[in-house]
Amino acid sequence: MAQSGGGAVLRDRTAVAGVGWTEYTKNSGVSTLALALRAVRAALDDAGLEHSDVDGVACHRVGDSASAVLVAHVLGIRDLRFHLDMFGGGGTSHQVVAQAALAVASGIADTVVCWRAVNARSEFRMGGTGRAAPDAPEFQYQLPYGYATPPQQFAMLDRAWRHARGATAEDLGRVAIAQRAHAALNDRAMMRKPLTMDEYLSSRLIADPLRLYDCCLETDAAVALVVTGAERARDLRQTPVLVSGAATGGGHTLFSNGRADPTVSAAADLAPRLYAAAGIGPETVDVAELYDAFTFLVPLQLEDYGLVPRGETGGFYADGHASLGGRLPVNTHGGHLSEGYVHGLNHVAEAVTQLRGTAGERQVPGAEVALTTGQPGYVGGTSSALVLRRDG
Amino acid sequence: MSPVRPVVDRDSAEWWALLATGVLAFQRCSRCLLWRWPARALCNGCGSLAWRWEPASGTGEIVSWIVTRHAFLPDVPAPYAVLSVRAAEQPDLLLPGAYAGPPDDPRLAIGAPVTAEFVPLTGEGAPAALLRWSIIQSSA
Numbered sequence: 002m003a004q005s006g007g008g009a010v011l012r013d014r015t016a017v018a019g020v021g022w023t024e025y026t027k028n029s030g031v032s033t034l035a036l037a038l039r040a041v042r043a044a045l046d047d048a049g050l051e052h053s054d055v056d057g058v059a060c061h062r063v064g065d066s067a068s069a070v071l072v073a074h075v076l077g078i079r080d081l082r083f084h085l086d087m088f089g090g091g092g093t094s095h096q097v098v099a100q101a102a103l104a105v106a107s108g109i110a111d112t113v114v115c116w117r118a119v120n121a122r123s124e125f126r127m128g129g130t131g132r133a134a135p136d137a138p139e140f141q142y143q144l145p146y147g148y149a150t151p152p153q154q155f156a157m158l159d160r161a162w163r164h165a166r167g168a169t170a171e172d173l174g175r176v177a178i179a180q181r182a183h184a185a186l187n188d189r190a191m192m193r194k195p196l197t198m199d200e201y202l203s204s205r206l207i208a209d210p211l212r213l214y215d216c217c218l219e220t221d222a223a224v225a226l227v228v229t230g231a232e233r234a235r236d237l238r239q240t241p242v243l244v245s246g247a248a249t250g251g252g253h254t255l256f257s258n259g260r261a262d263p264t265v266s267a268a269a270d271l272a273p274r275l276y277a278a279a280g281i282g283p284e285t286v287d288v289a290e291l292y293d294a295f296t297f298l299v300p301l302q303l304e305d306y307g308l309v310p311r312g313e314t315g316g317f318y319a320d321g322h323a324s325l326g327g328r329l330p331v332n333t334h335g336g337h338l339s340e341g342y343v344h345g346l347n348h349v350a351e352a353v354t355q356l357r358g359t360a361g362e363r364q365v366p367g368a369e370v371a372l373t374t375g376q377p378g379y380v381g382g383t384s385s386a387l388v389l390r391r392d393g
Numbered sequence: 270m271s272p273v274r275p276v277v278d279r280d281s282a283e284w285w286a287l288l289a290t291g292v293l294a295f296q297r298c299s300r301c302l303l304w305r306w307p308a309r310a311l312c313n314g315c316g317s318l319a320w321r322w323e324p325a326s327g328t329g330e331i332v333s334w335i336v337t338r339h340a341f342l343p344d345v346p347a348p349y350a351v352l353s354v355r356a357a358e359q360p361d362l363l364l365p366g367a368y369a370g371p372p373d374d375p376r377l378a379i380g381a382p383v384t385a386e387f388v389p390l391t392g393e394g395a396p397a398a399l400l401r402w403s404i405i406q407s408s409a
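Those sequence lines, one after another, are chains A and B. Position one of the first sequence corresponds to residue 2 (this note's numbering), numbered consecutively onward. Position one of the second sequence corresponds to residue 270 (this note's numbering), numbered consecutively onward.
Written out as structure tokens, the structure is:
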């Protein structure tokens, strides 16, 4: 196994200096290019920067959004020092921010804007509904069986995980309910009405065992972040949130690649590198924003990131430890399940908000360290995550 | 259901053609004998480029299954079950496939032994078949 201590080179050298959101809707009525520009404008305003301060751009997409270079052109960046146009889904979301941080830390660029812009409800629904199938050779082995959309792929993993852990529908219902309660405190969230266990259990099965309320929303929205040097960030408008650690990992492809157990994700491999890069252990994490395209991914990551012992996440939720006021509040914005689906980047934005201490009614008191994660590496075969820290 | 024909690529064409003759085969590394599927040019165990197709037993066990109840595809009426099967040859050989029984079959269980059946695909295109798994009845 290759040894790498290189991750620590990044520690606390860059910061998220600005965050911007568009409105979350079911039909934005505008292009993904317009969404990206609105979110970038908002993030620059938040940071106290101008578009002329930007010399790098980074986004991820799956053929469903405006290109990074097009956004750079529209921003008027003539001497584009860094651009990243990552092909990939939620597993790559945090890698985009990490690459921006690397570009800044290494001096390639001074200020990089990262975003994800999607019309994931009105234009390009995930999994190809309403458009051509994704350009992945593996789909030839799935589509003929009517097995291609994200709920179907994750339902397959969900059942295996539930079986291995002895998890029940109620266990996962508590995840959806806890996040909905958080969303009720979030003006941005699309779903704010409290969810009951009866409503959860009586919601229709989409791809058994996945129910409707196990599935994330489909959202038209964009979220943008401004990444710059830590010193520069200290001169700007907001409390800097430092990029303390970043890691990526390889994952499952649902086919043979040496991984025989689908109930442990790539997060279990990258977590030790992530914590080492940040110089912390899981016990230091004050708040966790964990990629939640589907409910079971949240307890699965609590296990794989070493935050809760394997098999004990059901009790962790039942005892309220994942809720505001609990031991480790999880998905304080409501997550993809209740805030909206911005493909991982809204989790980073929420972590930044929490660490600034500006989350209002849903603030985790005194939050200093946040873990924020991308899809844990199943479909698409890669994962990524960040540890962020409040400056000072 | 009226299946979508697979979009066969240059690496996979032979696998689909073998399936159409009723043979479930996997690639096998000529150097370290590791099995692999889907078709890839290089062994992820030893790194060798040398391989051959080798017929498999056609048996395995259920790793997981889903029952699609929301009809995602206009031509595929729900409900229907799809299985993920671990081939008997090697623990990391996971294959999707249809299920021979009803979608709410109480015999569906993780770990249940299954055997492959082949459903020829009609219509335009190169010969191909789909996998359909049936549960092996215990003799006890």
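For glycine and all other residues, C-beta sits at the position ideal for the given N, C-alpha and C.
Ends of the alpha helix (DSSP H) at residue i?
| i | result |
| --- | --- |
| A:Gly57 | Counting along the chain, A:Gly57 falls outside any alpha helix (DSSP H), though it belongs to the beta strand (DSSP E) covering Gly57 to Arg62. |
| A:Gly336 | Gly336 to Ser339 |
| A:Glu304 | Leu298 to Asp305 |
| A:Arg274 | Ala268 to Ala279 |
| A:Ile178 | Ala170 to Ala184 |
| A:Gly316 | Thr314 to Ala319 |
| A:Met87 | Per DSSP, A:Met87 belongs to no alpha helix (DSSP H); it is in the beta strand (DSSP E), Phe83 to Phe88. |
| A:Pro403 | Chain A is shown only over 2 to 393; residue 403 of chain A falls outside these bounds and no answer can be derived. |
| A:Ala101 | Ser94 to Ala106 |
Does any residue of chain B bring its CB to less than 8 Å from the CB of residue i?
| i | result |
| --- | --- |
| A:Phe317 | no |
| A:Arg260 | yes |
| A:Asp305 | no |
| A:Gly131 | Confidence at A:Gly131 is low in this model, with a pLDDT of 47, below 50, so its placement is unreliable and the value that follows should be read with caution. By this cut-off, A:Gly131 is not an interface position. |
| A:Pro150 | Residue 150 of chain A is actually Thr in this sequence, not Pro. So, interface residue. |
| A:Met157 | yes |
| A:Ala102 | no |
| A:Leu144 | yes |
| A:Pro138 | yes |
Return no unless some Cβ of chain A is closer than 8 Å to the Cβ of residue i.
| i | result |
| --- | --- |
| B:Arg338 | yes |
| B:Val354 | no |
| B:Arg297 | no |
| B:Arg274 | yes |
| B:Trp320 | no |
| B:Leu287 | no |
| B:Pro307 | yes |
| B:Ser281 | yes |
| B:Leu342 | yes |
To the nearest whole angstrom, what separates the beta carbons of residue i and residue j, a pair I think is in contact under 8 Å?
| i | j | result |
| --- | --- | --- |
| A:Ala294 | A:Gln376 | 6 Å |
| A:His61 | A:Val105 | At roughly 18 Å, the Cβ-Cβ gap does not stay under 8 Å, so A:His61 and A:Val105 are not in contact. |
| B:Arg300 | B:Ala286 | The pair is not a contact, with the Cβ atoms about 25 Å apart (cut-off 8 Å). |
| A:Pro263 | A:Ala161 | 5 Å |
| A:Thr296 | A:Leu173 | 4 Å |
Quick check on this structure: which residue in the options has the alpha carbon closest to the alpha carbon of residue i?
| i | options | result |
| --- | --- | --- |
| B:Glu323 | B:Thr337, B:Val345, B:Leu352 and B:Pro307 | B:Pro307 |
| A:Gly367 | A:Pro195, A:Phe297 and A:Leu356 | A:Leu356 |
| A:Ser53 | A:Ala177, A:Ala165 and A:Leu81 | A:Leu81 |
| B:Gly316 | B:Gly329, B:Ile404, B:Gly327 and B:Arg297 | B:Arg297 |
| A:Ala247 | A:Asn28, A:Glu284 and A:Thr374 | A:Thr374 |
| A:Ala222 | A:Gly91, A:Ala386, A:His344 and A:Gly19 | A:His344 |
| A:Met29 | A:Val119, A:Asp56 and A:Val70 | In the sequence as presented, Met is not what sits at residue 29 of chain A; that position holds Ser. Comparing Cα-Cα distances from A:Ser29 to each of A:Val119, A:Asp56 and A:Val70, the minimum goes to A:Val119. |
| A:Cys217 | A:Pro273, A:Arg233 and A:Ile178 | A:Ile178 |
| A:Lys27 | A:Met191, A:Ala170 and A:Val17 | A:Met191 |
| A:Asp46 | A:Gln239, A:Leu206 and A:Gln154 | A:Gln239 |
| A:Ala37 | A:Pro210, A:Val227 and A:His95 | A:Val227 |
| B:Ala340 | A:Arg205, A:Phe140, A:Tyr25 and A:Val70 | A:Arg205 |
So the beta strand (DSSP E) residue i belongs to, where does it begin and stop?
| i | result |
| --- | --- |
| B:Gln296 | Ala294 to Cys298 |
| A:Val353 | It is not in any beta strand (DSSP E) - A:Val353 instead sits in the alpha helix (DSSP H) that spans Leu346 to Arg357. |
| B:Phe387 | Pro382 to Pro389 |
| B:Gly329 | Thr328 to Thr337 |
| A:Glu290 | Val288 to Glu290 |
| A:Ile207 | Leu206 to Asp209 |
| B:Leu342 | Premise fails: B:Leu342 is in no beta strand (DSSP E) and is neither H nor E. |
| A:Tyr379 | Where A:Tyr379 is concerned, there is no enclosing beta strand (DSSP E), given that its DSSP letter is neither H nor E. |
| A:Asp221 | Asp221 to Gly230 |
Going by the C-beta, is residue i closer than 7 Å to any heavy atom of the ligand PLP?
| i | result |
| --- | --- |
| B:Val273 | The ligand PLP is absent from the structure shown, which contains no ligands of any kind. |
In chain C, which residues lie less than 9 Å from residue i when you measure between Cβ atoms?
| i | result |
| --- | --- |
| B:Trp402 | This model lacks chain C altogether, as its protein chains are A and B. |
Residues in the segment 364 to 391 of chain A having any Cβ partner in chain B nearer than 8 Å: none
Residues within the segment 361 to 378 of chain B neighbouring chain A, beta-carbon criterion of under 7 Å: Taking a C-beta cut-off of 7 Å against chain A, the contacting residues of the segment 361 to 378 of chain B are Asp361, Leu362, Leu363, Pro365, Gly366 and Ala367, listed in chain order.
Cβ-based contacts, 7 Å cut-off: residues of the segment 12 to 37 of chain A near chain B: none
Within 8 Å of chain B by C-beta, residues of the segment 190 to 209 of chain A in sequence order: Arg205, Leu206, Ile207, Ala208 and Asp209
Check each residue of the segment 160 to 188 of chain A: if its Cβ is closer than 8 Å to any Cβ of chain B, include it; give the result in chain order. Arg160, Ala161 and His164
Interface residues of the segment 323 to 335 of chain B facing chain A [CB-CB below 9 Å]: Val332, Ser333, Trp334 and Ile335
Under 7 Å, CB to CB, which of the residues in the segment 385 to 401 of chain B have a partner in chain A? Leu399
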